[in-house]
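Q: Residues 1 to 864 (this note's numbering) are what the sequence shown spells out, left to right.
Glycine included, every Cβ here is placed at the ideal spot set by N, Cα and C.
In this text, all values refer to a predicted model and were calculated from it rather than measured experimentally.
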Amino acid sequence: MKKMPKPNEGMKAEAQKGIDWREELGRGGTRIGAVRARQIVNGENLSDETVKRMYSFFSRHEVDKEAEGFDSGEEGYPSNGRIAWALWGGDAGYSWSSRLVEQMKKEDNRAEPNTLKVGDFVSWNSAGGRARGKIIKIERDGKINIPNSNFSVTGTEDDPAALIQVYRGGKPTDTEVGHKFSTLTKINPIRDLNDFNSKKLEQQTLSTINEEKAMKDKEDRHILNVNETDDSVIIEFAKHHEDKEEMEMTESDRPYHDEDEDKDREQEKEDRKVLEMPMKFRTIDLSKARSIDEEKRTVRIGVSSETPVERSFGMEVLGHSEDEINMEFMQSKTAPLLLDHDMKKQIGVVEEFKLDQTAKRTTAVVRFGKSALAEEVFRDVVDGIRMNISVGYRVDKLERENKDDDTYYRASWTPMEISSVSVPADQSRLVGVGRSKDKQTLNTTKVEIMENENKEINLDEVRSQSVDEARKEFQKNSKEIIDLGVRHNKRDLANQAIKDGVSVEEFRGELLENISNDVPLETPSEIGLTEKETKRFSIMRAINAMANPTDRKAQEAASFEFECSEAAQRAYGKTAQGVMLPEEVMRNWSQRDLSAGSDGDLIGQDYRGGDFIDVLRNNSAVMPMATMLNGLSGDVKIPRKTAASTAAFISSEGGAAGESEFTVGNVSLSPKTLGAFTDVTRQLMIQSSIDVENLIRNDLAQSMAIAIDDGALEGSGSSGNPTGITNTSGINSVSLSSAAAPTFAEMVSMETSVRVDNALMGDLAYIVHPTNYGTLKTTEKATNTAQFVAVNDEINGYKVVVSPQLTANNYVFGNFDDLLIGMFGGLDIVVDPYSNSTSGTVRVVALQSIDTAVRHAVSFCAAS
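So this is what it looks like as structure tokens:
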């Protein structure tokens, strides 16, 4: 019997919040929503039907987030919509139900033993995407050998095997693969797109829409009773549950929906106007070898040109000089590649963006992701089916130009994203594609049309705009501060910070001063994995799949890990270069005493999870002493006193004391990418031993801990490196007569320099290279005393930490409480199967964002 899922902790917290709000304010949500909240808080098992209803609720009410009062800090918070959202489990519930509904769809689509026959067309998961083909052979009791390979697939009566001819671009290929029925989904016959005329295509599209609508209506309605007679079967359906819930939501609960629906209808009218415009077509062949690198999954494209495009106000021309285009975001390597300008459908990232002023165009290199959707679009690009690109942009300024008796508006603009679309607006030969014609309303903002002639500036209007912008920035700043304060029960500190005009970065630092270092600053970005699912997650399976992108078995084996990675990327708000590890896996890094389950998964017999940060500490020389700041997601400014206040005696009776204040500054932490690697042989990689999984995890942690030590001690502070202790401006320094063998007096002088600055306090220690430590253990304090400089891992009573990450003949002493190490969420595992391919090894790289900083420079002394 299928086990029903349970709510996760994030859902429980949100549901309890919704219940509390409803009891306190007497409004928000419905009776059914309140019942659902109690089920979630009590941790009850939820049926598939309930999960579907939850997902349906969130999908329909996501628009409520745009209403005033949904976010803290806004007037009317919490709004009725916000309370209803919390009752159903909040964002955690949305993510949880979305994932489960997607799993249900996959299970429903699996073919039963008797549902397929030779000649049927099917689809299946392949290399992170969907492949399609036609069944040419079926085996129900035996093996099917796959042509041109060493593989075979065994079929049974319960789960037959099929030999399938692969189709690409609507045409059959010479490739044949084998799959079991349980992995296949039956689809409509595949036909060459050239065989369709527009009428047939329109009829097929309408038919598909009607079928999907009928299926959706059928799935969403509950069957009350089935009566079967000799002549017929009568099925009695219940009324749609969600309709009832909508009726219970009063008009006062959702006063803004009617307005939104009106906007939607207006938008539909505008879309119809755009679609009715006459169109011309010109495209570029992106399938040429020079444009596409299938191995790296990159495509070089043209993005924009100065070809005029008709807009509602006239002909628009995008300027292509350096002062007309803001390329900062597009060149950040974080700009998204989307499908049809849909912000929820990111299929890749922009890796390179350039301006060609001579040709008056922009070009880019985009890299496609490994999600199913990204793989599907990439395959269509490779096959020459989807060849049009569109740029989404914001207009910063328009200037009127008159030429050839026509009026043109030249735009200064900021590109925001690149999309794969079906029809471009800019059909110049200089661009692979253009600005999408069916998304014009997304590409422009309300702008002021500027004439070339001199115009009087309205200072009152400028002041008003500045005030509005400042008010919006203040509201955004206040919301983030309040959210952080409430999360750590420091609302009073948040209120004071808002009153004092403190920035979010500065408040993060103040908050870290008032909470335990072991408590993450930001809420961990969990994806809702159960304990069993966390145990099941295998880094080795993901590594093997990434190292063998064409191995079907490896891809299918790691489908769970790829799915978790996509969810983790959404939770962290980052795009992974490889596989992003979920928070649950990071929190349970060490897995020991494991055995292989019946399905090949890793199942824990004695589950003793160890936090990734704790594992790093155990492998690091510096981290156990440093102040660790975990769970960071943005820049942090830690307050520090840079100069003390002074005191003096009053010179005469009645005299005034001199005014004196201490000076406050701050030290900043911002994410810097750390890359640590380990090399794995291909033979080791295909082993299913649990010891191998632990070996790889521990090796990665050890490599990363060594790299953190290196950055914390001697980081240069440039070229993406953190600033280490020895390169921090203002620390004390001592010159040694012989750096290879310093005297006892010279070592003590390091302590003295710190004591003079009133900083000899906290977790004090020496850091010494192994070679030098051996010398110090045999160097006498004074001749013929048999007393040595280093004894029992101490020098002059202070502990000694030995680290090969400190350059030989260099020494560091100080209060390591004042060394800050910030850990920013998200560990990205990347595989490089090519660098060491000749030696039969694969390089596994772990990418983690960290930063280090010294809070008080005078707390440390370096000697050399």
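For Val615 and Ala701, which I take to be in contact (beta-carbon distance under 8 Å), what is that distance rounded to the nearest angstrom?
A: Yes, Val615 and Ala701 are in contact; Cβ-Cβ is about 5 Å, under 8 Å.
Q: For Trp124, which three-state DSSP category applies?
A: Strand.
Q: The alpha helix (DSSP H) that contains Met747, what's its start and end?
A: Per DSSP, Met747 belongs to the alpha helix (DSSP H) from Phe744 to Val756.
Q: What are the boundary residues of the beta strand (DSSP E) that includes Ala364?
A: Segment Arg361 to Phe368, the beta strand (DSSP E) holding Ala364.
Q: Would DSSP call Ser478 helix, strand or coil?
A: Correct three-state label for Ser478: helix.
Q: Thinking C-alpha only, which one of Glu376, Asp71, Met4 and Val800 is nearest Asp483?
A: Checked all of Glu376, Asp71, Met4 and Val800; the closest Cα to Asp483 is Asp71.
Q: In three-state terms, what does DSSP make of Thr534?
A: Thr534 falls in the helix class under three-state DSSP.
Q: Give the straight-line distance between the Cα atoms of Val789 and Ile696, rounded to the nearest whole angstrom.
A: Rounded to whole angstroms, Val789 to Ile696 spans 39 Å at the Cα level.
Q: Below 8 Å on the Cβ atoms is my contact criterion, and I expect Asp818 with Ser859 to pass it. Report the Cβ-Cβ distance as a whole number of Å.
A: About 4 Å separates the two Cβ atoms, so the contact holds.
Q: Distance, Cα to Cα, Ala877 vs Val844?
A: The structure shown has nothing for residue 877, since the chain only spans 1 to 864.
Q: Could you say if the segment 548-566 and the segment 343-354 meet the contact criterion of at least three C-beta pairs nearer than 8 Å?
A: The segment 548-566 is not in contact with the segment 343-354.
Q: Roughly how many whole angstroms lie between the Cα atoms of Thr283 and Ile389?
A: Residue placement at Thr283 is flagged as unreliable, the pLDDT there being 38, under the threshold of 50; a coordinate-derived value is accordingly withheld.
Q: Of all the options Gly178, Leu820, Asp20 and Val122, which has the alpha carbon lying nearest to the alpha carbon of Ser149?
A: Closest by alpha carbon: Gly178.
Q: In chain order, what are the residue ranges of uninterrupted alpha helix (DSSP H) at least 4 long that sit wholly in the segment 676-742?
A: 682-685 and 690-714, all fully within the segment 676-742.
Q: Please name the residue, chosen from Thr575, Leu669 and Ala862, that lies closest to Met628 on a Cα-to-Cα basis.
A: It is Leu669 whose Cα lies nearest to the Cα of Met628.
Q: If Glu316 sits next to Tyr409, beta carbons under 8 Å apart, how far is it from one beta carbon to the other, in whole angstroms?
A: Correct: roughly 5 Å between the Cβ atoms.
Q: Between Ile767 and Asp710, what straight-line distance do the alpha-carbon atoms span, to the nearest angstrom?
A: Between Ile767 and Asp710, the C-alpha separation is close to 12 Å.
Q: Which term fits Leu430, buried or exposed, when burial requires 16 or more other beta carbons within 10 angstroms of its beta carbon?
A: Confidence at Leu430 is low in this model, with a pLDDT of 44, below 50, so its placement is unreliable and no value can be given for it.
Q: Use the C-beta contact count for Asp174: other C-beta atoms within 10 angstroms, 16 or more gives buried, fewer gives exposed.
A: It is exposed - the Cβ of Asp174 has fewer than 16 other Cβ atoms within 10 Å.
Q: Does the Cβ-Cβ distance between Phe612 and Met586 come in under 8 Å?
A: For Phe612 and Met586, yes; Cβs fall inside 8 Å.
Q: On a CA-only basis, which of Ser729, Asp342, Leu318 and Phe378 is nearest Arg394? Give me that one, please.
A: With distances taken between Cα atoms, Arg394 lies closest to Leu318.
Q: Under DSSP, the beta strand (DSSP E) around Leu776 begins and ends at which residues?
A: From DSSP, Leu776 is part of no beta strand (DSSP E) but of the alpha helix (DSSP H) over Pro770 to Lys777.
Q: Starting from the Cα of Ala359, find the closest Cα among Asp396, Gly369, Glu306 and Glu66 and give me that residue.
A: For the residues Asp396, Gly369, Glu306 and Glu66, the minimum Cα distance to Ala359 belongs to Glu306.
Q: Does the segment 827-836 touch the segment 772-783, meaning 3 or more C-beta pairs lie closer than 8 Å?
A: Segments in contact, no.
Q: Under a Cβ-count criterion, where at least 16 other Cβ atoms within 10 Å of its own Cβ denotes burial, should Arg53 be classed as buried or exposed?
A: It is buried - the Cβ of Arg53 has at least 16 other Cβ atoms within 10 Å.
Q: Would you list the residues sitting across from Pro5 in a DSSP beta bridge?
A: None; Pro5 has no bridge partner.
Q: What whole-angstrom Cβ distance do Asn815 and Met761 have, given they're in contact under 8 Å?
A: Between Met761 and Asn815 the Cβ distance is about 6 Å, and since that is below 8 Å, they are a contact.
Q: Find the nearest neighbour of Leu632 within the set Val381, Val153, Phe329 and Lys672, judged by alpha-carbon distance.
A: Ranking Val381, Val153, Phe329 and Lys672 by Cα distance to Leu632 puts Lys672 first.
Q: Determine the burial state of Pro770: buried for a count of at least 16 other Cβ atoms within 10 Å of its Cβ, exposed for fewer.
A: Exposed, since its Cβ has fewer than 16 Cβ neighbours within 10 Å.
Q: Under 8 Å by Cβ, that's how I've got Ile136 and Leu163 pegged, so tell me the actual separation to the nearest angstrom.
A: So it is a contact: roughly 5 Å between Cβ atoms.
Q: Measure the alpha-carbon distance for Ser716 versus Ile706 and round it to whole angstroms.
A: Their Cα atoms are separated by approximately 16 Å.
Q: Please determine, among Ala374, Ala853, Ala13 and Thr852, the residue with the shortest C-alpha to C-alpha distance to Arg297.
A: Closest option to Arg297, Cα to Cα, is Ala374.
Q: Tell me which residue opens and which closes the alpha helix (DSSP H) that Glu352 is part of.
A: From DSSP, Glu352 is part of no alpha helix (DSSP H) but of the beta strand (DSSP E) over Asp342 to Asp356.
Q: Short check: CB of Ala862 to CB of Ile731, under 8 Å?
A: Contact: yes.
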